[in-house]
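Counting along the sequence shown from 1, when you hit position 127 you're at 119 in this note's numbering, and nothing is skipped either side.
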Amino acid sequence: MTNPRSTQNYKPLVFLSFDEIFYLCSLLDRPPFVGLGVAGYSEEVTLEQRAYGLICAERSLRARGIARFDQTGNIQIQNDILNAVGIAAYAEQTYVLQKITEDSVLDQISSYVLADQAMLLFNPSPMIYGIVILPDREQLIAEMTAYSLPLETTESSHQQHKFLVSKEMLERIQQVSSPMPSNLLVSQLQMEGVPVNSAHAFAETMEKNHTLTSIHVIIPQSQDRTSVQQITVVQSSKIGWLVVESSSNLAGGATVYSVSSLLRDRLAKSFAEWLLPQ
């Protein structure tokens, strides 16, 4: 289910429905942007339904004073709101952060960067979006880091863990319907060569309440080529973990993942490597 995110965490410029965003994107001659959490929605509705949705969106925007007709009959949109949608529609970098909370609730925020402008999108209820303009990329890094690692962990910084696990092992661990018992997980991790201390620490995290955030980094390289990277952050009250696909391979070319303990400053540094000029 979707988490009704508290709006007190942000100061939204405006709340828009999906149809209103779709309408504003059409004025910019752009498709709905990545990160709205409604993949395939446009293909599921008929042309008549889409046309009616755009008519309703225009009326809604005009009723709220966001849009108006000028003296020549052309539609005019409030500049700051059209600009905010344009940041996402033409984004040079997009970050989609999907979190499963401790109580198994799905939540999502998306972030967009265009030149020196940064925008954050959150989803307080289905098909409704809050748009937040951030002052700079540094603030965006802070927001995404705090979202991915919401707790101040108690694990001290000198207790470092780093190991490799197979893709199959990771998939078994992530099966929420039948979580693996801690002692069995430790045993199987050790069979894959994970040091005993690291195996126990990771198993304890997965056994107890924890959050899991998948971070998708989307950077257009050209008109027909886009770079997509994914990292996963897992956090309990004691420790955070970073999970990324490794360049190493097991025998037979099987995919493996690097798992390492994680603190906020390291995650912020990873975001900075994408966001801040080197």
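For glycine and all other residues, C-beta sits at the position ideal for the given N, C-alpha and C.
In this text, all values refer to a predicted model and were calculated from it rather than measured experimentally.
Closest by C-alpha distance to residue i, when choosing among the options
i    : options                : result
Q277 : T203, V236, L254, V209 : With the chain represented from -7 up to 270, any question about residue 277 goes unanswered, as that position is not in the structure.
Q166 : T205, D128, R42, P269  : T205
G29  : Q90, A83, S190         : Q90
S158 : E40, Q100, V236        : V236
Q100 : S239, A55, I120        : I120
L143 : E94, D11, R164, S190   : E94
L280 : L46, S239, Q180        : Absent from the model: residue 280. The displayed extent of the chain is -7 to 270, so no value can be given.
Q215 : A83, D108, S238, A264  : A83
S262 : E184, V225, P24        : V225
Where residue i sits in the DSSP three-state scheme
i    : result
F25  : coil
G32  : Interpretation of G32 is limited by its pLDDT of 49, a score under 50 that renders its predicted location unreliable; no figure is taken from the coordinates.
K200 : coil
L234 : strand
H208 : strand
L126 : strand
M136 : helix
A110 : strand
Q131 : helix
K154 : strand
Close Cβ partners of residue i (< 7 Å) along its chain, the five nearest in sequence each way excluded
i     : result
G32   : Unreliable positioning characterises G32 in this predicted model, as indicated by a pLDDT of 49, which lies under 50. The coordinate reading is nonetheless provided below. None.
S174  : A195, E196, E199
I123  : P4, L5, V6, L8, A76, M111, L113
T(-1) : With a pLDDT of 38 at T(-1), under the threshold of 50, the predicted position of this residue should be treated as unreliable, and no value is reported.
M(-7) : Interpretation of M(-7) is limited by its pLDDT of 34, a score under 50 that renders its predicted location unreliable; no figure is taken from the coordinates.
W266  : Q85, V209
Same chain, Cβ closer than 6 Å to residue i, neighbours up to 5 away in sequence not counted
i    : result
R256 : T137, L141
L132 : S103, A110, L126
V186 : F155
Q213 : S219
Whole-angstrom C-beta distance between residue j and residue i, which should lie under 8 Å
i    : j    : result
I210 : T64  : With a Cβ gap of about 38 Å, I210 and T64 do not count as contacting.
Q68  : A81  : The pair is not a contact, with the Cβ atoms about 18 Å apart (cut-off 8 Å).
S228 : N201 : 7 Å
Other residues of its chain near residue i: CB distance less than 8 Å, five sequence neighbours each side excluded
i    : result
V188 : V178, Q182
T145 : Q227, S228, S229, K230, I231, G232, L255
Runs of alpha helix (DSSP H) wholly within the segment 49 to 119 (minimum 4 residues, chain order)
The segment 49 to 119 is shown to contain whole alpha helix (DSSP H) runs of 4 or more residues at 71 to 81, in chain order.
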